[in-house]
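Engineer: In my numbering, the protein residues as written are 1461 to 2359.
Where is the CB? At the ideal position from N, CA and C, for every residue including glycine.
Pasting a structure below so you can have a look.
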């Protein structure tokens, strides 16, 4: 109430309370002295201070006294300046002269020698008086207390100056972002059009590629008693075989026979079931690590990066897996050599492409996949259906190149194949025929025909032996020998051409007369009837048996006859004897070594592959190429960031320092978090799109999981922070929030100050990194992209709920209050608000009065702590690193190939 200030005014009326420090015309302030030393001297007396200033006289009077103790009066000539700003006012006083006067013979003025007898004193003559200050005598809080007032006339108050618009920073931010986008676009365009230089002629002083092919240990592979079961169901039983250096082994059988299962076990791939049996390399069992370095594996399904060229795809395989002692020039030479062998050198600069895009053909993709393994010249090469998707000519060329690799460079080749043409079958050295997971034949291919003739299953003349064997091992006992089916089994004219056969009938002659066509058709139908009758005589009759006499392996009588015939044949006896002699020779038994077969039984030597630093560099280069050749996702992030920053800058332009302005600030920060959080859902595809590629390359020993992981974020841990995280974080998680901050910060008119600006950017970047790490971890854990997408959205919404905007943290139920500590939205929003409002004075006009509301008060009302900025930043950093480490650990221990 203004009436309490009336006694301070000389007239005793019309006083107006004013707590500011500005002297408008004349003001009077009074307080009790709180200085401890003075109070100790005066004991029971309480001195008071009165301070009056007059702007016209440019003077102030300071009176200090107590009842019955007298008083001291100081008169000061002063001048002051007043500076106005949009967020505060500053009043500066300058004292020109100080004079003092006191009542004589009183306690404060001479009685008992309290101070000197002088009536007047000047600042120049008495330094003690010159240094006299109010603050040691009267506390600042009392000066601003209820008794402090100014005598004012109630007039219209002056308006606070409007906050200046920082056009320099607004224009600079937009210009900086624009220049950055232009530079990035130019670099991406240039790199995308740049030639890979794969056609350059390479000349080697010494044939390093030739050394790679010749200087190695020839490797034999022996396997016996191989069994595999899943949930007690036998998939494979008692598989046996031997492949020597320089030989090609083919594993044949109908669909579901267990061909790929046997190949996976021989290649030491991780299986979901139980595997038993023995696999020997040169008579010895190798560790998994040694074995991986020795072999190559080509999967049935091609998985390659679509943005790379054919040459680059094979080159990266060579750079990651060829010996570290081999020069880059020799590795490039080896790549060109392999492409020429497979006939894909003419498409070396074509991109792999993907479904729906014009790219290389399916057969060419298959040969590229084979080339990725051939380029390393492995001692043992496993291939799953290498001729799938190829025409007859290219299929023959692929198998012929494998045979050349085996025989010219003493390699061991093992592959599965379904129904090869007869000209391809003649290239095999060893043949393993499977049916229902059991061995029907395992031995030299050249003895196949004679063996089946011996057991009463002769292949008819003119039939493809491979087709005949597949039909023979089918689950049914009878074979459909209809005209159409027989025509499929008969050797095609082009096959006979490959085999050097002359069918004696030219196409022109067949077209001469209809009589010749009729004669040819009649003869063919007669052969069909004869063959059907012969087969029916040879085929055993199915016998219906009861449960007690049923075959324990679930085989039909026909299949049981084939399996038992091989188990008791001279072929398997000879094979087992060779295996026993070879293993005995490897263990050093003298008498057996003299009789052993001519196998090379030297210890296996492997090359040292590139180290983790080289792996990181190669993977970083590959990932960077994939990024700039498919930049749509990156540019989409940049476009959204720029457009929405401009929109937000316009919507929240020069936000006011009122309660409504606080609401706008809080809404802007929450919107930025929501925008960045949901943009991070694209991190799900960082790993999801290449999961199969990673699993297969890891199984083939291309690199360590850590190097891949961080090549998508270096001692070994630093190196393992590889390229996947690195090339997702920098362009997609760091740059967009920086763009948004540079454009919108000064447009919105957030708190001035360089430190506050950079603290704002720091929180945005850390929040974006944390959200991206959460999505990346979910993408690594969940194989199904739809499930990962749904769960990521739920995590974002949960974190938004406990951010502090939708639900007040102070009024939250204690049963759920702890959940706010799991919300990274909460930490980011609190840090942004504290950075903005800690020292901001908000003004609210109500009923003609301006009410000042400190920003810290608003923060506490919403449940935010004004001292938590740096603790929130630290918590965001800890959450980011925690999710990155979690994703890495899961990748290493759980994302593996399991077949």
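(1) Measure the C-alpha to C-alpha separation of residue 1703 and residue 1709 and round it to an integer number of angstroms.
(2) Name the DSSP beta bridge partners of residue 2304, please?
(3) How would you call residue 1924, buried or exposed, if buried means at least 16 neighbouring beta carbons within 10 angstroms?
(4) According to DSSP, is residue 1806 helix, strand or coil?
(5) State the Cα-Cα distance for the pair residue 1880 and residue 1868, rounded to the nearest angstrom.
(6) Which residue or residues does DSSP assign as beta-bridge partners of residue 1698?
(7) Tell me whether residue 2250 is buried or exposed, calling it buried when 16 or more other Cβ atoms sit within 10 Å of its Cβ.
(8) Please state whether DSSP places residue 1930 in a helix, a strand or coil.
(9) Note down, in chain order, each residue of its chain lying with its Cβ closer than 6 Å to the Cβ of residue 2344, except the 5 sequence neighbours on either side.
(10) If distances are taken between C-alpha atoms only, which option among 1507, 1682 and 1764 comes closest to residue 2086?
(11) Could you pull out every unbroken beta strand (DSSP E) segment of at least 3 residues lying fully inside the stretch 1799–1874, listed in chain order?
(12) Roughly how many angstroms separate the alpha carbons of residue 1967 and residue 1852, rounded to a whole number?
(13) Between residue 1587 and the rest of its own chain, which residues show a CB-CB distance below 7 Å, the 5 nearest in sequence each way excluded?
(14) Given that a residue counts as buried once 16 or more other Cβ atoms are within 10 Å of its Cβ, and exposed if not, what is residue 1627?
(15) Using a Cβ-Cβ cut-off of 7 Å (strictly less than) and excluding sequence neighbours within five positions of residue 2134, which residues of its own chain qualify?
(16) Alpha carbon to alpha carbon, how far is residue 2079 from residue 1932? Give it in angstroms, no decimals.
(17) What three-state label does DSSP hand residue 1689 in the structure shown?
(18) Sort 2019, 1487, 2312 and 2265 by Cα distance to residue 1515 and report the nearest one.
(19) Thinking residue 2299 and residue 2315 are a contact (beta carbons under 8 Å), I'd like their distance in whole angstroms, please.
(20) At which residues does the beta strand (DSSP E) containing residue 1754 begin and terminate?
(21) Short check: CB of residue 1737 to CB of residue 1686, under 7 Å?
(22) So for residue 2114, helix, strand or coil by DSSP?
(23) Apart from the five residues just before and just after residue 2088, which ones in its own chain have a Cβ nearer than 7 Å to its Cβ?
(24) Roughly how many angstroms separate the alpha carbons of residue 1717 and residue 2019, rounded to a whole number?
(25) In this structure, does DSSP put residue 1763 in helix, strand or coil?
(26) Skipping 5 residues on each side, what residues in its chain have a beta carbon closer than 7 Å to that of residue 2312?
(27) Using a Cβ-Cβ cut-off of 6 Å (strictly less than) and excluding sequence neighbours within five positions of residue 1805, which residues of its own chain qualify?
(28) What are the start and end residues of the alpha helix (DSSP H) that includes residue 1911?
(29) Starting from residue 1491, follow its DSSP beta bridges and name the residues at the other end.
(30) Shortest alpha-carbon distance to residue 2341 belongs to which of 2189, 1911 and 1499?
(31) Pull the bridge partners of residue 1890 from the DSSP assignment, please.
(32) Have a look at 1693, 1767 and 2318 and flag the residue whose alpha-carbon is nearest the alpha-carbon of residue 2082.
(33) Here's the rule: buried if 16 or more other CB atoms are within 10 angstroms of the residue's CB, otherwise exposed. What is residue 1761?
(34) Kindly indicate which three-state DSSP category residue 1740 falls into: helix, strand or coil?
(35) Can you tell me which of 1930, 1779 and 1508 puts its alpha carbon nearest to the alpha carbon of residue 1713?
(36) Which of the three DSSP states, helix, strand or coil, is assigned to residue 1876?
Structural biologist: Inspection of the coordinates gives the following:
(1) To locate residue 1703, count along the chain shown from 1; it is residue 243. To locate residue 1709, count along the chain shown from 1; it is residue 249. For residue 1703 and residue 1709, the distance between alpha carbons rounds to 6 Å.
(2) By one-based count along the chain shown, residue 2304 stands at place 844. Note: residue 2304 sits in a beta bridge opposite 2311.
(3) Locating residue 1924 in the chain shown gives position 464, where the first residue counts as 1. Buried, because 16 or more other Cβ atoms sit within 10 Å of the Cβ of residue 1924.
(4) Indexing the chain shown from 1 puts residue 1806 at position 346. The answer is helix: DSSP assigns residue 1806 an H, G or I state.
(5) Position 420 of the chain shown, counted from the start, is the residue given in the question as residue 1880. Position 408 of the chain shown, counted from the start, is the residue given in the question as residue 1868. The straight-line gap from Cα to Cα measures roughly 23 Å.
(6) As a working note, residue 1698 is residue 238 in the chain shown. DSSP lists no partner for residue 1698.
(7) Along the chain shown, read from residue 1 onward, the residue named residue 2250 stands at position 790. Answer is exposed; the Cβ neighbour count stays below 16.
(8) Within the chain shown, the letter at position 470 stands for residue 1930. Helix, per DSSP.
(9) In the chain shown, residue 2344 corresponds to position 884, counting from 1. Only 2233 meet the Cβ criterion.
(10) The residue given as residue 2086 occupies position 626 in the chain shown. Nearest of 1507, 1682 and 1764 to residue 2086, Cα basis: 1764.
(11) Runs of the beta strand (DSSP E) lying entirely within the stretch 1799–1874, each at least 3 residues long, are 1840–1844 in chain order.
(12) The residue you call residue 1967 lines up with position 507 of the chain shown. The residue you call residue 1852 lines up with position 392 of the chain shown. With a pLDDT of 41 at residue 1967, under the threshold of 50, the predicted position of this residue should be treated as unreliable, though the coordinate-derived value follows. Roughly 20 Å separates the two Cα atoms.
(13) For the purposes of this step, residue 1587 is taken as the residue at position 127 of the chain shown. Bear in mind that a pLDDT of 42 at residue 1587, under 50, signals an unreliable position, so the number given afterwards is only what the model happens to contain. There are no such residues.
(14) For the purposes of this step, residue 1627 is taken as the residue at position 167 of the chain shown. That one is exposed.
(15) For this step, residue 2134 is matched to residue 674 along the chain shown. Once the five neighbours on either side are set aside, the close Cβ partners of residue 2134 are 2260.
(16) Residue numbering aside, residue 1932 sits at position 472 when the chain shown is read from its first letter. Residue numbering aside, residue 2079 sits at position 619 when the chain shown is read from its first letter. When rounded, the distance between both Cα atoms is 48 Å.
(17) Taking the first residue of the chain shown as 1, we reach residue 1689 at position 229. Here residue 1689 sits in strand by DSSP.
(18) Here residue 1515 is taken as the residue at index 55 of the chain shown, counted from 1. Each of 2019, 1487, 2312 and 2265 was checked against the Cα of residue 1515, and the nearest Cα belongs to 1487.
(19) Counted from its first residue, the chain shown places residue 2299 at position 839. Counted from its first residue, the chain shown places residue 2315 at position 855. Their Cβ separation, rounded to whole angstroms, is 7 Å, which keeps residue 2299 and residue 2315 in contact under 8 Å.
(20) Within the chain shown, numbered from 1, the residue matching residue 1754 stands at position 294. Residue 1754 -> not in any beta strand (DSSP E); alpha helix (DSSP H) instead, spanning 1748–1754.
(21) As a first step, residue 1737 must be located in the chain shown, where it is residue number 277. As a first step, residue 1686 must be located in the chain shown, where it is residue number 226. Cβ distance < 7 Å, so residue 1737 and residue 1686 count as in contact.
(22) On the chain shown, position 654 is the one that residue 2114 refers to. Correct three-state label for residue 2114: coil.
(23) As a working note, residue 2088 is residue 628 in the chain shown. Here the set comprises 1648, 1651 and 1652.
(24) The residue you call residue 1717 lines up with position 257 of the chain shown. The residue you call residue 2019 lines up with position 559 of the chain shown. Roughly 12 Å separates the two Cα atoms.
(25) Taking the first residue of the chain shown as 1, we reach residue 1763 at position 303. Here residue 1763 sits in coil by DSSP.
(26) As a working note, residue 2312 is residue 852 in the chain shown. Counting only Cβ-Cβ distances below 7 Å, and skipping sequence neighbours, we find 2301 and 2303.
(27) Start at 1 with the first residue of the chain shown, and residue 1805 comes out as number 345. The answer, listed in chain order, is 1799.
(28) Residue numbering aside, residue 1911 sits at position 451 when the chain shown is read from its first letter. Element bounds for residue 1911: 1908–1914.
(29) Locating residue 1491 in the chain shown gives position 31, counting from the first residue. DSSP output for residue 1491 lists 1509 as bridge partner(s).
(30) Start at 1 with the first residue of the chain shown, and residue 2341 comes out as number 881. The option with the nearest alpha carbon to residue 2341 is 2189.
(31) On the chain shown, residue 1890 is found 430 positions in, with the first residue counted as 1. As computed with DSSP, residue 1890 is found in a beta bridge with 1709 and 1904.
(32) In the chain shown, counting from the first residue as 1, residue 2082 sits at position 622. Of the candidates 1693, 1767 and 2318, the one whose C-alpha sits nearest the C-alpha of residue 2082 is 1767.
(33) As a working note, residue 1761 is residue 301 in the chain shown. Under this definition residue 1761 is an exposed residue.
(34) For the purposes of this step, residue 1740 is taken as residue 280 along the chain shown, with counting starting at 1. Reduced to three states, the DSSP call for residue 1740 is strand.
(35) Here residue 1713 is taken as the residue at index 253 of the chain shown, counted from 1. For the options 1930, 1779 and 1508, the alpha carbon positioned closest to that of residue 1713 is the one of 1930.
(36) Taking the first residue of the chain shown as position 1, residue 1876 is located at position 416. Note: residue 1876 maps to strand in three-state DSSP.
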